[in-house]
Amino acid sequence: MNQHQPRAPFTLVLHSLCIGLPILSLQWISAAHAAPITTSAHTVTTTESVPEQSPPPLNSSASSEQVTQLATITVSATADHNQALVGKSAQALKEIPQSVTVLSREQIEQQGLKTLDDVMLKTTGVTREQTWLNNNYSSRGLKITNIRYDGGGASSMQGRSNNADMAQYDSVALLRGADGLFGAGEAGGVINLNSKRPQADPAIVGSISAGSWNNYRAEVDATGALNQDQSIQGRVVAVFQDQDFFYKPTQNRREMLYTALNFELSPETTWFTGASYQRDKTDAFNASLPRWEDGADLGLPREHSFNAPWGWMKRENISIFSNLVHQFNDDWKAQLNIRHNIGDDSANNAEIEGAVAYQDRQSEWWRYQEMTEFKETSYDLNLQGSFEFLNQRHDLILGLDHVSSQKDHQQNWIKYGKGDVFDPVAPPEWDFPAQDWAIVNQTDNSKTGLYGSLRIRPVENLALIAGGRYVLKDKNVQQNRVSGKDTLTDQDKLFIPYFGLVYDLTQQISIYASSAEIYKSQANLLDVNQQPLDPITGRNYELGIKTSLMDDQLNASFALYQVKKTGEGTRISGPFSSPCCYIGSGSLLSQGFDIELTGMLSPDWNISAGYTYNDNENKANSQFVLNSYTPKHLLKIWSHYRMDAVLPGLSIGGGVTAQSKNFKRGKVTSRDPITGAIGDAHFVNIEQPSYAVWSMRVGYEIDPHWDVALNLDNLFDKRYYSTIGDASAGNFYGEPRSVLLTLRGKY
Numbered sequence: 001m002n003q004h005q006p007r008a009p010f011t012l013v014l015h016s017l018c019i020g021l022p023i024l025s026l027q028w029i030s031a032a033h034a035a036p037i038t039t040s041a042h043t044v045t046t047t048e049s050v051p052e053q054s055p056p057p058l059n060s061s062a063s064s065e066q067v068t069q070l071a072t073i074t075v076s077a078t079a080d081h082n083q084a085l086v087g088k089s090a091q092a093l094k095e096i097p098q099s100v101t102v103l104s105r106e107q108i109e110q111q112g113l114k115t116l117d118d119v120m121l122k123t124t125g126v127t128r129e130q131t132w133l134n135n136n137y138s139s140r141g142l143k144i145t146n147i148r149y150d151g152g153g154a155s156s157m158q159g160r161s162n163n164a165d166m167a168q169y170d171s172v173a174l175l176r177g178a179d180g181l182f183g184a185g186e187a188g189g190v191i192n193l194n195s196k197r198p199q200a201d202p203a204i205v206g207s208i209s210a211g212s213w214n215n216y217r218a219e220v221d222a223t224g225a226l227n228q229d230q231s232i233q234g235r236v237v238a239v240f241q242d243q244d245f246f247y248k249p250t251q252n253r254r255e256m257l258y259t260a261l262n263f264e265l266s267p268e269t270t271w272f273t274g275a276s277y278q279r280d281k282t283d284a285f286n287a288s289l290p291r292w293e294d295g296a297d298l299g300l301p302r303e304h305s306f307n308a309p310w311g312w313m314k315r316e317n318i319s320i321f322s323n324l325v326h327q328f329n330d331d332w333k334a335q336l337n338i339r340h341n342i343g344d345d346s347a348n349n350a351e352i353e354g355a356v357a358y359q360d361r362q363s364e365w366w367r368y369q370e371m372t373e374f375k376e377t378s379y380d381l382n383l384q385g386s387f388e389f390l391n392q393r394h395d396l397i398l399g400l401d402h403v404s405s406q407k408d409h410q411q412n413w414i415k416y417g418k419g420d421v422f423d424p425v426a427p428p429e430w431d432f433p434a435q436d437w438a439i440v441n442q443t444d445n446s447k448t449g450l451y452g453s454l455r456i457r458p459v460e461n462l463a464l465i466a467g468g469r470y471v472l473k474d475k476n477v478q479q480n481r482v483s484g485k486d487t488l489t490d491q492d493k494l495f496i497p498y499f500g501l502v503y504d505l506t507q508q509i510s511i512y513a514s515s516a517e518i519y520k521s522q523a524n525l526l527d528v529n530q531q532p533l534d535p536i537t538g539r540n541y542e543l544g545i546k547t548s549l550m551d552d553q554l555n556a557s558f559a560l561y562q563v564k565k566t567g568e569g570t571r572i573s574g575p576f577s578s579p580c581c582y583i584g585s586g587s588l589l590s591q592g593f594d595i596e597l598t599g600m601l602s603p604d605w606n607i608s609a610g611y612t613y614n615d616n617e618n619k620a621n622s623q624f625v626l627n628s629y630t631p632k633h634l635l636k637i638w639s640h641y642r643m644d645a646v647l648p649g650l651s652i653g654g655g656v657t658a659q660s661k662n663f664k665r666g667k668v669t670s671r672d673p674i675t676g677a678i679g680d681a682h683f684v685n686i687e688q689p690s691y692a693v694w695s696m697r698v699g700y701e702i703d704p705h706w707d708v709a710l711n712l713d714n715l716f717d718k719r720y721y722s723t724i725g726d727a728s729a730g731n732f733y734g735e736p737r738s739v740l741l742t743l744r745g746k747y
């Protein structure tokens, strides 16, 4: 085949939705010769054995003599297990003096992970605290409160992103510990989402799936060049999903659209830009359960929920993003990231909350309404490169970032009356939107900072990293439109230092140490006097060893860590989503270790395994126990093996998530087991015993174009609480055994 033969362009036509986002619609796909389609997660290579043909007219009906045989396409995939995008550019895992976990597109598809929440549940060291509005994640007993998109500035969108559809992302990386350099000084870690990028060579991948509880989903992913010289590439990803849940009568309907363009403006300059839109409409959305007044489990069936059948929640998220990179030479480049996020939430529901009395089996019905609008704009400008000094290469990065956000929130939380939890009758539907809102507030945040990092190599095999972040601005304004009271907090300028070292024992093994200061504003949280809480402060220490084996395809790591921080806010009263009322109750000491093994044991055998041990305590106030839902022991394993020797195309995978007990400290009333008499209120630890949840996958490659897979989760149908609450609410059952069948095609 002539390698210089011109390639027919991959033509996409731009349309628009009423929301103003571009949609890319596929007209024709043609590939002229073998070429890789590369993402950060895997490389797909297509080869064909026939000459390129011109596209037929769309309305033609060719005779049998006119039919052109389709090309044979061979697809292979190899994951890049040795790098992660956790800062401003991809780095080798061995060069990062902190613990990092990466979930590639390959693993995301193998495990059937559809949302960021699914991914976090499979990520080493991460625990989830489920709520009926947003889910919270923790690592090492510390909250993960920031998220970063494509190496840009840290966003506060984490709480709104747990339902983000993973079809638009190529990989996910979690940096555990404080990321003081790039504006995310909270010690739990930072979630890094790497968007799918357009490719020059045409390809299209589509899948349909069906699973337990009427779970139906379809998605398509198309990419290719948009002009003859391939200097402009496009990509579109679309998802539609309609599903029920194991608890009744909840149902969710999702539409997601992601479009992206890549412009090669010159040999030195590229511009990546795009937009995404996701809409979720959930009927009867709350699965939270109360307990008996003494804290005992109600023993309800897992399909049971206290949802009003008329209840609903709507969520819309729009993101517009742009990334401009200019390469000055082989050593230096400048990068600008801009992102604008828009969110719109509304909800109307009734739910039961309150400890259940033994005498009459009753709890309280509450009516809930909410309208929230959220806007966030961020930009990040940095210069990064390397230089030679004293016969050694050294690295430098300097940058400026800014993020501003505005949240308008209206809420009603009104007690309706009592109801029998074993024979619940929901209150009647109430009008939406409300004429009068109990809570009406607006929150404005603005943060600006400078950051820098210098990695010097004074001698061969040793790298010393010094850097930090200088906070220029950290301003928060709270406006309570009901009381008319405004609160302004403008934090003083401060410097957050970061230090680390990496020493290469061999080409494959390195040891490291790092220290990062912790700083996080809590001005959005108010105490009982309507005053903002002081910032969280502290320090994070880490010491570890990393090794890269199997030609950098298998990575192993061990890390010891200790975190000391003070001032974390704990809710003491007030409804959900309200900024009041909190107390800065925490003086936390968290310490332990991580062990992780990820990558390829052989060309046919992938593994992702992580074990974490954590011991954390609140040294200032034992009444307010911080992060008790983080177990001391947490194990997450996933392994996948191609069994071509048994049957060509056959693959099998399996995994487990196992943890020791965790608990929630809550107030209950004592009860005499003989007389049934109710005593005084007191605090107890409500526990979820240790458990293990197993999963498996069986896949079969029908031909080079098509494959099918069957995923089974909670294989042994373990009954457990994925989140433990108190006697009033917050107890969520883990999902029972489920099945998902997926058919995937690629051309």
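Note that the sequence shown covers residues 1 to 747 in the UniProt record's numbering.
Beta carbons are placed, not taken as given, at the ideal position from N, Cα and C, and that holds for glycine.
Using the C-alpha atoms, what's the distance from residue j back to residue i?
i	j	result
residue 402	residue 193	19 Å
residue 745	residue 706	5 Å
residue 466	residue 563	19 Å
residue 541	residue 464	16 Å
residue 26	residue 619	Low confidence applies here, because residue 26 scores a pLDDT of 37, under 50, leaving its location unreliable; read the following figure in that light. Each residue's Cα considered, the two are about 60 Å apart.
residue 87	residue 357	52 Å
residue 350	residue 306	8 Å
residue 335	residue 611	36 Å
residue 160	residue 134	7 Å
residue 587	residue 140	15 Å
residue 67	residue 202	Only weak support is given to the placement of residue 67: the predicted model assigns it a pLDDT of 39, under 50, and the question is left unresolved by the model.
residue 148	residue 176	13 Å
residue 294	residue 721	18 Å
residue 519	residue 511	27 Å
residue 727	residue 532	29 Å
residue 595	residue 117	22 Å
Taking the alpha carbon of residue i as the reference point, which residue from the options has its own alpha carbon closest?
i	options	result
residue 747	100, 220, 542	220
residue 589	609, 558, 628	628
residue 309	149, 348, 137	348
residue 527	478, 511, 502, 539	478
residue 131	473, 288, 617, 471	288
residue 142	537, 659, 665	537
residue 252	269, 314, 198	314
residue 93	242, 549, 273	549
residue 412	420, 432, 379	432
residue 146	453, 156, 106	156
Going by DSSP, what residue range makes up the alpha helix (DSSP H) through residue i?
i	result
residue 108	105 to 110
residue 236	No alpha helix (DSSP H) contains residue 236, which is instead part of the beta strand (DSSP E) from 232 to 244.
residue 121	116 to 121
Taking buried to mean at least 16 other C-beta atoms within 10 Å of its own C-beta, is residue i buried or exposed?
i	result
residue 668	buried
residue 393	exposed
residue 674	exposed
residue 409	buried
residue 376	buried
residue 469	buried
residue 517	buried
residue 702	exposed
residue 196	buried
residue 301	exposed
Starting from residue i, trace the beta strand (DSSP E) both ways and give me its first and last residue.
i	result
residue 377	362 to 389
residue 127	126 to 129
residue 316	312 to 327
residue 412	392 to 420
residue 261	251 to 264
residue 304	Element bounds for residue 304: n/a, residue is neither H nor E.
residue 739	738 to 746
Original post:
Would the stretch 634 to 643 and the stretch 590 to 610 be scored as touching if the rule is three or more Cβ pairs under 8 Å?
Top reply: Counting Cβ pairs under 8 Å, three or more are found: they touch.
Original post:
Three or more beta-carbon pairs under 8 Å between the stretch 433 to 447 and the stretch 481 to 493, yes or no?
Top reply: yes
Original post:
For the stretch 327 to 346 against the stretch 366 to 377, are there 3 or more C-beta pairs whose distance is under 8 Å?
Top reply: As far as the Cβ criterion goes, the stretch 327 to 346 touches the stretch 366 to 377, which means the pair count is three or higher.
Original post:
Would the stretch 657 to 665 and the stretch 682 to 701 be scored as touching if the rule is three or more Cβ pairs under 8 Å?
Top reply: yes
Original post:
Are the stretch 709 to 716 and the stretch 728 to 739 touching by the rule of at least three beta carbon pairs closer than 8 Å?
Top reply: yes
Original post:
Three or more beta-carbon pairs under 8 Å between the stretch 264 to 284 and the stretch 320 to 327, yes or no?
Top reply: Segments in contact, yes.
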